[in-house]
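As structure tokens, the structure follows; a few thoughts come after it.
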Amino acid sequence: MSARERLGVGVGVGRSSAMLRWSTLGAGFCASVTLAATMALATFPAEALAQRAPAGARPGEGRAEEKSISLGVGESKTLPASDVKQYSEGTGGIAEIKTTPDGKKFIISGQKAGTTSLLLIKNDGSQTNWTIRVYSQAPNEVESELEQLLQGYTGIRVRRIGTRLFIEGGVQNQADMDRIKQIADLYPGQVESLVTVGTGAVDRNLNIRVDFFFVQYNQTSAYGVGIDWPSRFGGTPIQSTFSFDFVTRAPVANARVINHPLPALDFAASRGWAKVLKQSAVITTNGNEATFESGGEVNVEIATGLAVNIQQIKYGTNVTVQPRYDPRSGKIEVKLAAEVSDLIPSAGTTLPGRNTSKLSTLVFLKIGESLVVSGIRTSGQRHQINGMPYLSRIPVLGVLFGSHSDNQEEVEGALFIIPSVVESVPRASYDMVKAAMDQYEEYSGGIATVNSFSKTPPAYGSSGPPAPAKK
129 MSARERLGVG VGVGRSSAML RWSTLGAGFC ASVTLAATMA LATFPAEALA
179 QRAPAGARPG EGRAEEKSIS LGVGESKTLP ASDVKQYSEG TGGIAEIKTT
229 PDGKKFIISG QKAGTTSLLL IKNDGSQTNW TIRVYSQAPN EVESELEQLL
279 QGYTGIRVRR IGTRLFIEGG VQNQADMDRI KQIADLYPGQ VESLVTVGTG
329 AVDRNLNIRV DFFFVQYNQT SAYGVGIDWP SRFGGTPIQS TFSFDFVTRA
379 PVANARVINH PLPALDFAAS RGWAKVLKQS AVITTNGNEA TFESGGEVNV
429 EIATGLAVNI QQIKYGTNVT VQPRYDPRSG KIEVKLAAEV SDLIPSAGTT
479 LPGRNTSKLS TLVFLKIGES LVVSGIRTSG QRHQINGMPY LSRIPVLGVL
529 FGSHSDNQEE VEGALFIIPS VVESVPRASY DMVKAAMDQY EEYSGGIATV
579 NSFSKTPPAY GSSGPPAPAK K
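In my numbering, the protein residues as written are 129 to 599.
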């Protein structure tokens, strides 16, 4: 082979080797560029925008975090969407769900009452499932309306748990409970009434003291003057009666020989007064009914035919009270039933009389206030003339022909109450009992020095209630 040929072959081989080396380098360069580009794309932080999942797409693996949101019809709220890859809406038509133009927030608008859901699939594969509850009205608006509708009911509270509202407490009668239930029915699915009749107060840890004061004044006056002429002359000269008392087993005989025609002289007058003061203090828990009875009874024998019965005549003070205190408003509602009775001297019979005052009411006042729940004032006068017709009516001289009698009676009384909250005991229980026992041992008739319990309601401190103004 000539030198030219050998040179050509060498050049060709060298060119081929050079081309092979460049191809190898080129392939390595291309691989390096592709790898670098891939690494650059993998490490470059790109902002992800929320996209609605296509129909039929299956959500990512993993358990979704449960959250809830509530809104009213026509109300709109927002949720963050910057880290959301896809989202899927549940039942349609209840809430409108859309994203802002920059894709960073969801806008949720309530359309009709109901419940739907919103599933969010984030870039890291985690999921959040939002339960969307749409009400006819927003819970805050409903709560505000309930406060207005229930204004005036003592012991009633509106409690909010999540998105639901509960009306709790107790009322005095069935009519009030039915009305509150009707109010709750105005908001179906949002409000439920747990109100009961009776002792259903929500603040039972409070002790309520109710002081009762009963004052009564009585004044009587009477006189009889003149000549009491007999109503008839003559008649049967001799009259007699005979009877047998089976109780005492003794016979009784009466005989009247003649109706004497002589008149009687009336010349007498009487005047008197009486006053009664009764104070009772009852302590009970808020909403609970308490009863206080103090008094006695008189047993009287009553003969009916051949039998003897025992009749009881009760007297004293009977009080039944049920307070309902609202700590938020400082007002209290008191249901009160009271009966005060006293024995009075008999009027011509062996049985004693009895004066009775009864009261049954429901009052509403602030704590510490005093209120006259009952007052009475009566005035009565009876005038009677017994004597000769026409002549006994002559002014001044009529007393010579008849007997003039006059009776006057005036009564005035009042019952008032003072409710207070017992926040603390002024003395220890042992000291209170010990002081009461010491007073019992030392008592010898001076009741003015006895202080078995505090006569002053706590709301008035040590000074007591204000004295009434003098007229």
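For glycine and all other residues, C-beta sits at the position ideal for the given N, C-alpha and C.
Since the structure is predicted, the reported quantities are computational estimates derived from the model, not experimental observations.
query = What residues in its chain sit with their C-beta under 6 Å from that of Thr259, if we drop five residues either side in the sequence?
reply = As a working mapping, residue 259 is identified with position 131 in the sequence shown. For Thr259, where only same-chain residues beyond five positions count, the Cβ hits under 6 Å are Ser196 and Ser245.
Beta carbon of Val539 nearer than 7 Å to that of Asn346 = Residue numbering aside, residue 539 sits at position 411 when the sequence shown is read from its first letter. Residue numbering aside, residue 346 sits at position 218 when the sequence shown is read from its first letter. A Cβ-Cβ contact shorter than 7 Å links Val539 with Asn346.
Coil, strand or helix - Ser276 by DSSP = As a position in the sequence shown, residue 276 is number 148, starting the count at 1. At residue 276 the sequence reads Gln, which differs from the Ser that was named. Three-state DSSP puts Gln276 in a helix.
Among Ser349, Leu393, Ala266 and Trp401, nearest to Glu203 - alpha-carbon criterion = Residue mapping note: residue 203 aligns to position 75 of the sequence shown, counting from 1. Checked all of Ser349, Leu393, Ala266 and Trp401; the closest Cα to Glu203 is Ala266.
Which of helix, strand or coil DSSP assigns to Tyr281 = Within the sequence shown, numbered from 1, the residue matching residue 281 stands at position 153. It is coil, neither helix nor strand.
key: Nearest to Phe342 (by Cα), restricted to the options Glu497, Ser198, Thr484 and Ile336   = Within the sequence shown, the letter at position 214 stands for residue 342. Comparing Cα positions, the closest option is Thr484.
request  = Could you name the residues that DSSP lists as bridge partners for Tyr351?
outcome  = On the sequence shown, position 223 is the one that residue 351 refers to. Note: Tyr351 sits in a beta bridge opposite Ala397 and Asp534.
query = On the three-state DSSP scale, how would you describe Asn427?
reply = In the sequence shown, residue 427 corresponds to position 299, counting from 1. Correct three-state label for Asn427: strand.
ask   = Taking C-beta to C-beta, are Ile225 and Gly242 nearer than 7 Å?
value = Translated into positions along the sequence shown, residue 225 becomes position 97. Translated into positions along the sequence shown, residue 242 becomes position 114. Against a cut-off of 7 Å, the Cβ pair of Gly242 and Ile225 comes out as no contact.
Per-residue DSSP class, three states only, for Pro267 = As a working note, residue 267 is residue 139 in the sequence shown. Three-state DSSP puts Pro267 in a helix.
message = Using only the alpha-carbon positions, how far apart do Glu421 and Val491 sit?
response = If you number the sequence shown from 1, residue 421 lands on position 293. If you number the sequence shown from 1, residue 491 lands on position 363. The straight-line gap from Cα to Cα measures roughly 21 Å.
key: Buried versus exposed call for His532 [16 or more other C-beta atoms within 10 Å across all chains shown]   = Against the sequence shown, residue 532 aligns to sequence position 404. Of the other Cβ atoms in all chains shown, 16 or more fall within 10 Å of the Cβ of His532; this residue is therefore buried.
task = Using beta-carbon positions only, say whether Arg307 and Glu296 come within less than 7 Å of one another.
result = Walking along the sequence shown from the start, residue 307 turns up at place 179. Walking along the sequence shown from the start, residue 296 turns up at place 168. No. Outside cutoff.
message = Looking at the strands, I want to know which residues DSSP matches up with Asn483.
response = The residue given as residue 483 occupies position 355 in the sequence shown. In DSSP, Asn483 forms a bridge with Asp470.
inquiry  = What residue range does the alpha helix (DSSP H) around Asp230 cover?
reply    = For the purposes of this step, residue 230 is taken as residue 102 along the sequence shown, with counting starting at 1. No alpha helix (DSSP H) contains Asp230, which DSSP labels as neither H nor E.
key: Cβ neighbours of Gly424 in the same chain (closer than 7 Å, five flanking residues each side left out)   = Locating residue 424 in the sequence shown gives position 296, counting from the first residue. Excluding residues within five positions, the ones whose Cβ falls inside 7 Å are Tyr443 and Gly444.
Bridge partner(s) assigned by DSSP for Trp258 = To locate residue 258, count along the sequence shown from 1; it is residue 130. The partner list for Trp258 (beta bridge, DSSP) reads Lys195 and Leu246.
message = Between the alpha carbons of Pro316 and Thr291, how many angstroms are there, rounded?
response = Position 188 of the sequence shown, counted from the start, is the residue given in the question as residue 316. Position 163 of the sequence shown, counted from the start, is the residue given in the question as residue 291. About 12 Å.
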